[in-house]
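Written out below as structure tokens is the structure these notes cover.
There are 2 protein chains.
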Amino acid sequence: MTATPHQRSTILEVAREAGASKTSVSRYFGDERERLSPGMQTRIATAAQRLGYRPNQMARSLKGGHSRLVGMLVADIRNPFTVAVMHGVEQACQAHGYSLMVCNTDNDAARESALLALLASYRVEGLIINAAGSPDQQLQTLVDQGTPLVLLDRELGRTEASVVGLDNALAIDMALDHLQAQGYRRLLYLSEPPEQASPRHVRLARFQHGCEARGLTGHAHDQSLEDTEALSQAIRHFLTEGDSGQKAVLCANGNVTLAATRILLASGARLGETGLLGIDELDWCELVAPGISTLAQPTDAIGRSAVACLMRSQDNDATPTRHRHAPTLIMRGSTRNTRP
Amino acid sequence: MTATPHQRSTILEVAREAGASKTSVSRYFGDERERLSPGMQTRIATAAQRLGYRPNQMARSLKGGHSRLVGMLVADIRNPFTVAVMHGVEQACQAHGYSLMVCNTDNDAARESALLALLASYRVEGLIINAAGSPDQQLQTLVDQGTPLVLLDRELGRTEASVVGLDNALAIDMALDHLQAQGYRRLLYLSEPPEQASPRHVRLARFQHGCEARGLTGHAHDQSLEDTEALSQAIRHFLTEGDSGQKAVLCANGNVTLAATRILLASGARLGETGLLGIDELDWCELVAPGISTLAQPTDAIGRSAVACLMRSQDNDATPTRHRHAPTLIMRGSTRNTRP
DNA sequence: TTGTAGGCGTTATCAT
DNA sequence: ATGATAACGCCTACAA
Numbered sequence: 001m002t003a004t005p006h007q008r009s010t011i012l013e014v015a016r017e018a019g020a021s022k023t024s025v026s027r028y029f030g031d032e033r034e035r036l037s038p039g040m041q042t043r044i045a046t047a048a049q050r051l052g053y054r055p056n057q058m059a060r061s062l063k064g065g066h067s068r069l070v071g072m073l074v075a076d077i078r079n080p081f082t083v084a085v086m087h088g089v090e091q092a093c094q095a096h097g098y099s100l101m102v103c104n105t106d107n108d109a110a111r112e113s114a115l116l117a118l119l120a121s122y123r124v125e126g127l128i129i130n131a132a133g134s135p136d137q138q139l140q141t142l143v144d145q146g147t148p149l150v151l152l153d154r155e156l157g158r159t160e161a162s163v164v165g166l167d168n169a170l171a172i173d174m175a176l177d178h179l180q181a182q183g184y185r186r187l188l189y190l191s192e193p194p195e196q197a198s199p200r201h202v203r204l205a206r207f208q209h210g211c212e213a214r215g216l217t218g219h220a221h222d223q224s225l226e227d228t229e230a231l232s233q234a235i236r237h238f239l240t241e242g243d244s245g246q247k248a249v250l251c252a253n254g255n256v257t258l259a260a261t262r263i264l265l266a267s268g269a270r271l272g273e274t275g276l277l278g279i280d281e282l283d284w285c286e287l288v289a290p291g292i293s294t295l296a297q298p299t300d301a302i303g304r305s306a307v308a309c310l311m312r313s314q315d316n317d318a319t320p321t322r323h324r325h326a327p328t329l330i331m332r333g334s335t336r337n338t339r340p
Numbered sequence: 001m002t003a004t005p006h007q008r009s010t011i012l013e014v015a016r017e018a019g020a021s022k023t024s025v026s027r028y029f030g031d032e033r034e035r036l037s038p039g040m041q042t043r044i045a046t047a048a049q050r051l052g053y054r055p056n057q058m059a060r061s062l063k064g065g066h067s068r069l070v071g072m073l074v075a076d077i078r079n080p081f082t083v084a085v086m087h088g089v090e091q092a093c094q095a096h097g098y099s100l101m102v103c104n105t106d107n108d109a110a111r112e113s114a115l116l117a118l119l120a121s122y123r124v125e126g127l128i129i130n131a132a133g134s135p136d137q138q139l140q141t142l143v144d145q146g147t148p149l150v151l152l153d154r155e156l157g158r159t160e161a162s163v164v165g166l167d168n169a170l171a172i173d174m175a176l177d178h179l180q181a182q183g184y185r186r187l188l189y190l191s192e193p194p195e196q197a198s199p200r201h202v203r204l205a206r207f208q209h210g211c212e213a214r215g216l217t218g219h220a221h222d223q224s225l226e227d228t229e230a231l232s233q234a235i236r237h238f239l240t241e242g243d244s245g246q247k248a249v250l251c252a253n254g255n256v257t258l259a260a261t262r263i264l265l266a267s268g269a270r271l272g273e274t275g276l277l278g279i280d281e282l283d284w285c286e287l288v289a290p291g292i293s294t295l296a297q298p299t300d301a302i303g304r305s306a307v308a309c310l311m312r313s314q315d316n317d318a319t320p321t322r323h324r325h326a327p328t329l330i331m332r333g334s335t336r337n338t339r340p
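Listed in order, the protein sequences are those of chains A and B. Quick note: the first sequence uses full-length UniProt numbering, first residue 1, plus one each step. Quick note: the second sequence uses full-length UniProt numbering, first residue 1, plus one each step.
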């Protein structure tokens, strides 16, 4: 009993303490506990207990190549959608005996690149990425080295990987159908700039196509949310033209819904009379009178689905798959048209 | 050029490719690049480039004992406050050359225990924990083994570690001062059960103490939020007694604010006339008319502060410190008393 | 059922 | 300035 803090004990010390060999201890903590005699098991258990022994995962992974780590790279960790998916991912990882290493790029391509390298250096056995930039090159390298890869929400043109996310086309269709059924005829679609992320592009295109197909008048605004002024003008202009009771705003994601709601309320618009529908469910949507209708993404399912993809591509090097999840319409007052 | 996917290249291969020794390559990727001749440097750089070499962190950590990993264990990853702090932590970690491994316990003590063991097995060099249960024993073991530890938001009685979080007493005092100044006299304090987390306890006690000191009438409700009915009754009962224009509700955290707002609105209460003040700033607080006043926590600062603690306790084994951060009052309509 | 020996990729030590 | 070599803690043949 020394004055210095306990050193971390190793397998060797446990072995000595238990009067056994390293191998036996290794077996005890591995998947071969059964093969050990009961006596041996207790001796090892006691010794390990006394020494506070925990196998060193680093050493373990070095030898066997099993880091038991899954990496997740997200573009915006403060986005509730991201967090909700993360939650599903983490649960699924735990269920499969993996741990999750989450890194946040804050939508910065340079950081993304660095973090990708980092994750690789920890030899993650699978990678789930919600891409900020277009790190195709790096990702392809990882794939070539045998790391299973799943693209979350945002696709990347040149990378061959599984994709998991919302069924964007379906979501837009559901939105348009709902708005039309509620009697709205003039639609304003609000999105962030579509270049940066594939779903934005898909949703926008589908919106325009869908409006035509249904004989609806559709306009789109896709500037950065940072430019509050532009957004504000777009909305105000939309509010002044044509009949009220005919007009509805469709928000491409949760951030947009937040920004748009702010402006709509400031402009004195009455929700419902002016329709408002958002993609992404947020916990405050029911609070803003008369409630904001949303298309909720099945975030948990998406997260689990992503991990399932990873696990599948570990076994057989299967072809990349696509998993498009359907949203759920949550109807509230903001699309209950009082003057249809 | 084989048909099989690229194997991950090792330091040895790079050494061969560059016509150098493992040592030189190691030096190149370590902190001793300077010591190498320019020629050597380029040769290694080129070789590494061509082979797509990245040092294996696992091996690195095995040898040197430096995992370059910080662990963070949070009780509820879907809580925006948690995520905001996480963001600060991650930034600070990156700035110090560390990576962050985040684990979520979902407020489950058993999971917490397991995840703690896990983090230990990855030999994290520091641990930030937002405790769900009371894993004092395990934590003390970690501390004894030399792992710097920081308690986030929630303290633990028997563990000797630094604590970082809100200045709870100050926050309550600020809340009471503000409410009193706005003319509210009867206060209802809404909290989650205080046993589970130390700040809840501190806040509750301070509330009761503070009301007395100021001559305010204070009631408290601290049942689980799951029991919507009980909460609802408490609020409704509070609304019916005494004069309106005198009454205000104080919410102990963001979750409570959400639940309470829901009920207040459903009860037809007019915010402002009935005061509402919440601890934790949420992005929807300005949306719910006439805006919900909050005490915002400096989440980024708290996160950074936590990492700073970690770094400090690595160098010298300094005594545990306490860092209580002051909140910021964001006044909105919900405490602008129209009938003072 | 148990033990022995070698090596995973890296860094540290000691040469040269 | 550069290299050879021995650990780091563990796992996995192979042997007994």
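Idealized CB from N, CA, C, for every residue including glycine. Bear in mind the structure is a predicted one, so any value in this text is a computation, not a measurement.
- DSSP places residue 288 (chain B) in the coil class of the three-state scheme, outside both helix and strand.
- Take the alpha-carbon of residue 185 (chain A) and the one of residue 224 (chain A): they are about 26 Å apart.
- Judged by DSSP secondary structure, residue 322 (chain B) falls within the beta strand (DSSP E) whose first and last residues are 322-325.
- DSSP places residue 96 (chain A) in the coil class of the three-state scheme, outside both helix and strand.
- Not a single CB atom of chain A sits nearer than 8 Å to the CB of residue 335 (chain B).
- Taking the C-beta atoms as reference points, residue 328 (chain A) is found no nearer than 8 Å to residue 273 (chain A).
- Taking C-alpha positions only, residue 259 (chain A) is separated from residue 290 (chain B) by approximately 17 Å.
- Assigned with DSSP and collapsed to three states, residue 8 (chain A) falls in coil, not helix or strand.
- Of all residues in the segment 257-268 of chain B, the ones placed with a Cβ closer than 8 Å to any Cβ belonging to chain A are 258, 261, 262 and 265, in chain order.
- Residue 125 (chain A) places its beta carbon 8 Å or farther from that of residue 164 (chain A).
- Pairing residue 250 (chain A) with residue 179 (chain A) gives a Cβ-Cβ distance under 8 Å.
- Taken through DSSP and simplified to helix, strand or coil, residue 216 (chain B) comes out as coil.
- Chain order gives the chain B residues near residue 87 (chain A) as 77, 78, 104 and 106, where near means a beta carbon separation below 9 Å.
- For the segment 160-189 of chain A, the set of positions with a beta-carbon nearer than 7 Å to some beta-carbon of chain B is empty.
- The bridge partners DSSP lists for residue 209 (chain A) come to none.
- Only 141, 144, 145 and 146 from the segment 133-157 of chain A bring a Cβ to less than 7 Å from some Cβ of chain B.
- Among the CB atoms of chain B, one or more fall inside 8 Å of the CB of residue 90 (chain A).
- Residue 134 (chain A) sits in coil when the DSSP states are folded into three classes, being neither helix nor strand.
- For residue 24 (chain B), the uninterrupted alpha helix (DSSP H) run begins and ends at 22-29, by DSSP.
- In the DSSP annotation of this structure, residue 174 (chain A) is not part of any beta strand (DSSP E); the continuous alpha helix (DSSP H) holding it starts and ends at 168-181.
- Chain A places a beta carbon closer than 8 Å to that of residue 59 (chain B), counting this residue as a contact.
- Against residue 56 (chain B), the close residues of chain A are 121 and 123, in the order they occur along the chain (beta-carbon pairs closer than 7 Å).
- Assignment of residue 68 (chain B) by DSSP, reduced to helix, strand and coil, places it in the coil class.
- Judged by beta-carbon spacing, residue 312 (chain B) lies beyond the 8 Å limit of residue 92 (chain B), meaning their Cβ atoms are not closer than that value.
- Scanning chain B for C-beta atoms nearer than 9 Å to the C-beta of residue 288 (chain A) yields 284, 287, 288 and 289, reported in chain order.
- Excluding residues up to 5 positions away in sequence, 156 lie with their Cβ nearer than 7 Å to the Cβ of residue 134 (chain A) in the same chain.
- Interface annotation, residue 83 (chain B): in contact with chain A, CB-CB separation under 8 Å.
- Comparing alpha-carbon positions, the option among A:37, A:39, A:12 and A:302 lying closest to residue 26 (chain A) turns out to be A:12.
- For residue 36 (chain B), there is no enclosing alpha helix (DSSP H), as DSSP marks it with neither H nor E.
- When A:31, A:15, A:67 and A:55 are compared, the shortest CA-CA separation from residue 43 (chain A) is found for A:15.
- In the three-state reduction of the DSSP assignment, residue 299 (chain A) falls in the helix class, which pools H, G and I.
- Residue 205 (chain A) is not a Cβ neighbour of residue 221 (chain A), given a cutoff of 8 Å.
- Sequence-distant partners of residue 18 (chain B) (beyond 5 residues in either direction) whose C-beta falls short of 6 Å from its own C-beta, in its chain, are 43, 44 and 47.
- Considering only B:99, B:113 and B:98, the residue with the shortest C-alpha distance to residue 105 (chain B) is B:113.
- Using a Cβ distance threshold of 8 Å, residue 248 (chain B) and residue 279 (chain B) do not count as a contacting pair.
- Leaving aside the five residues that flank residue 136 (chain B) on each side, the residues in its chain whose CB is nearer than 8 Å to its CB run, in chain order, 156, 157, 158 and 159.
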